[in-house]
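First comes the structure, then the notes that go with it.
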Amino acid sequence: MSLVSITVGEADFDPASLLAQLEGLGGGAVASFTGIVRGGDGLVAMRLDHYPAMTEAQIARIVEDAQARWPLLGVIVVHRVGELHPGERIVFVGTASAHRGAALEACAFLIDWLKTSAPFWKKERFADGRATWVEARAEDDATRDRWG
Amino acid sequence: MSLVSITVGEADFDPASLLAQLEGLGGGAVASFTGIVRGGDGLVAMRLDHYPAMTEAQIARIVEDAQARWPLLGVIVVHRVGELHPGERIVFVGTASAHRGAALEACAFLIDWLKTSAPFWKKERFADGRATWVEARAEDDATRDRWG
Amino acid sequence: MTAQLDILYFAWVRERIGKDGESIAHPGAEVSVAELIALLAARGEGYAQAFAQPERLRAALDQHFVPLDALLGSGRELALFPPVTGG
Amino acid sequence: MTAQLDILYFAWVRERIGKDGESIAHPGAEVSVAELIALLAARGEGYAQAFAQPERLRAALDQHFVPLDALLGSGRELALFPPVTGG
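Chains as they are written, first to last, in the working numbering: chain A, 1 to 148; chain B, 149 to 296; chain C, 297 to 383; chain D, 384 to 470.
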């Protein structure tokens, strides 16, 4: 049995308590990634839409893929939706394993797949009034595809 | 200017406050790795020795190598020494960047190099009274060397 | 009783069409997602704009991603959207 | 005044020799780390045990890692130890 926790919602989260859960699983290695709304270019806010009926199930599939590849003691994924501002957290991926390579690689795998294969869409709003949907980047697909 | 913080000492640390420092640097990506003493096999305690006059300078060289390879906004390394017990944290590596690949790869690079190229030595003490120096693993050198 | 197909729209597909989704009479198991998109594109101005470049669309059938040449089969929920941009 | 070389021992090298380090008269710039290890091995039982398998040793000269065939040069501090096991 390993810990799997997937949360999709508007609320912020506390990376410390998530890390503490992973540290308590008895493995020697905990890795994490936190994505944050970047400011600059006049960005005022970002809105994250998603496909509620599908999102958590799809993230669970990605987590299962990671578990099939690496011996993981725990995986925590939190993905926020709704209105977010520069400096706010968007996403957290944390992994625990007995092996540092497994924890680090699974963490990178999970964020690469979340970016390209979970039903979220970002719309950016700028100080000059523009509001545009973020375009998917071929580079992100290529990064994901290196996992083979 | 980027944040570089290197701490070597006996005291425990709080990953949350370290992550908070990295999250505040304005990048979109924060990655971390925490190493923890694994129990099992009757391990009672571990002692970490180091080469005080060299340790921080050597870690600083490893951090400089990482900065030369990836555009990093911040790097925090904490490595504990002295007596540690199962479940206690040994090491923390945290990175911040505008790019998730840079943050994740630099984090993995730093822990791989810390394992193989910083002057620390672990001695394990077991319930049956044995106390043995941990042997370096060729596998760790190979993992480091994949960074080329 | 005729089977229904629930269609959901996300991101700029939703904005251009002006609604979150709709139910239609199921067009048939042998109809592909791409063929359905072509049918929908004829429904009006917003639809035409949303579906002008099918290569920019992605789809999920019963909450699993599918390629646009997938057949609707016995699927009951089809979502149409641009490539995802989460994370 | 004869130059000194401070030698430091870590981990099982320290334990076998039974001390943290010592100062010796600098053996000369042209002497290699490996040659100095061979000299030290003759100092007694603990030294002989610590240095029985030089291939298991690593070295740092003035706080930089060096290979065992490095020359001491004008180095003032030599540390001898097993391969590191931090992280």
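For every residue, glycine included, the Cβ atom is placed at its ideal position computed from N, Cα and C. Since the model is a prediction, treat every value here as computed from it, not as a measurement.
Exposure of residue i, with buried meaning 16 or more beta-carbon neighbours within 10 Å
i: T381(C); result: buried
i: G456(D); result: exposed
i: Q387(D); result: exposed
i: W147(A); result: exposed
i: P465(D); result: buried
i: A356(C); result: buried
i: L335(C); result: exposed
i: S165(B); result: exposed
i: S406(D); result: exposed
i: A142(A); result: exposed
i: D293(B); result: exposed
i: E23(A); result: buried
i: A106(A); result: buried
i: V214(B); result: Val is not the amino acid found at residue 214(B); the sequence shown has Ala there. Buried, by the Cβ-count rule.
Cβ-Cβ separation, residue j to residue i (assumed contact under 8 Å), whole Å
i: A29(A); j: H99(A); result: 6 Å
i: G157(B); j: R228(B); result: 7 Å
i: G149(A); j: T55(A); result: Here chain A comprises residues numbered 1 to 148, so residue 149(A) is not present and cannot be evaluated.
i: T182(B); j: L3(A); result: Rounded, the Cβ-Cβ distance is 16 Å, inconsistent with contact.
i: L114(A); j: V134(A); result: At roughly 14 Å, the Cβ-Cβ gap does not stay under 8 Å, so L114(A) and V134(A) are not in contact.
i: F120(A); j: L43(A); result: About 17 Å; that fails the 8 Å criterion.
i: V77(A); j: I90(A); result: Contact doesn't hold; Cβ gap of about 12 Å is too wide.
i: K271(B); j: T280(B); result: 7 Å
i: D445(D); j: R459(D); result: 6 Å
i: A330(C); j: L364(C); result: 4 Å
i: I111(A); j: V63(A); result: Rounded, the Cβ-Cβ distance is 12 Å, inconsistent with contact.
i: A256(B); j: L104(A); result: 5 Å
i: I390(D); j: G404(D); result: 5 Å
i: R310(C); j: Q345(C); result: Actually they do not touch by this definition, with Cβ atoms about 12 Å apart.
Residues bridged to residue i [DSSP beta-bridge criterion]
i: R237(B); result: I184(B)
i: H198(B); result: F268(B)
i: Q387(D); result: A408(D)
i: W281(B); result: K271(B)
i: G242(B); result: S180(B), I224(B)
i: S153(B); result: I224(B)
i: L191(B); result: F274(B)
Opening and closing residue of the beta strand (DSSP E) in which residue i lies
i: S406(D); result: 404-408
i: L422(D); result: Per DSSP, L422(D) belongs to no beta strand (DSSP E); it is in the alpha helix (DSSP H), 416-424.
i: E83(A); result: 82-84
i: R441(D); result: 441-444
i: L454(D); result: Segment: none, L454(D) is in no beta strand (DSSP E) and carries neither H nor E.
i: A462(D); result: 460-464
i: V449(D); result: 447-449
Range of the contiguous alpha helix (DSSP H) that encloses residue i
i: S17(A); result: 15-23
i: G429(D); result: 428-433
i: A394(D); result: 394-400
i: R144(A); result: 138-145
Option nearest residue i by Cα separation, candidates the options
i: A102(A); options: E124(A), S117(A), A68(A); result: A68(A)
i: G401(D); options: F393(D), A408(D), R459(D); result: F393(D)
i: W395(D); options: F161(B), G188(B), R195(B), G174(B); result: R195(B)
i: G82(A); options: Y51(A), L25(A), G27(A); result: Y51(A)
i: D160(B); options: Q169(B), I184(B), G174(B), L170(B); result: I184(B)
i: G188(B); options: S180(B), S165(B), A179(B), G235(B); result: G235(B)
i: S180(B); options: E139(A), A138(A), P15(A), D65(A); result: P15(A)
i: A375(C); options: A325(C), G342(C), L332(C); result: L332(C)
i: A205(B); options: A266(B), G172(B), T291(B); result: A266(B)
i: P219(B); options: A286(B), Q169(B), L173(B), S245(B); result: S245(B)
i: S415(D); options: G470(D), G429(D), P437(D); result: P437(D)
i: G470(D); options: L173(B), G175(B), D197(B); result: D197(B)
Residue i: contacting residues in chain E (beta-carbon distance under 8 Å)
i: F434(D); result: Here the protein chains are A, B, C and D, and chain E is not one of them.
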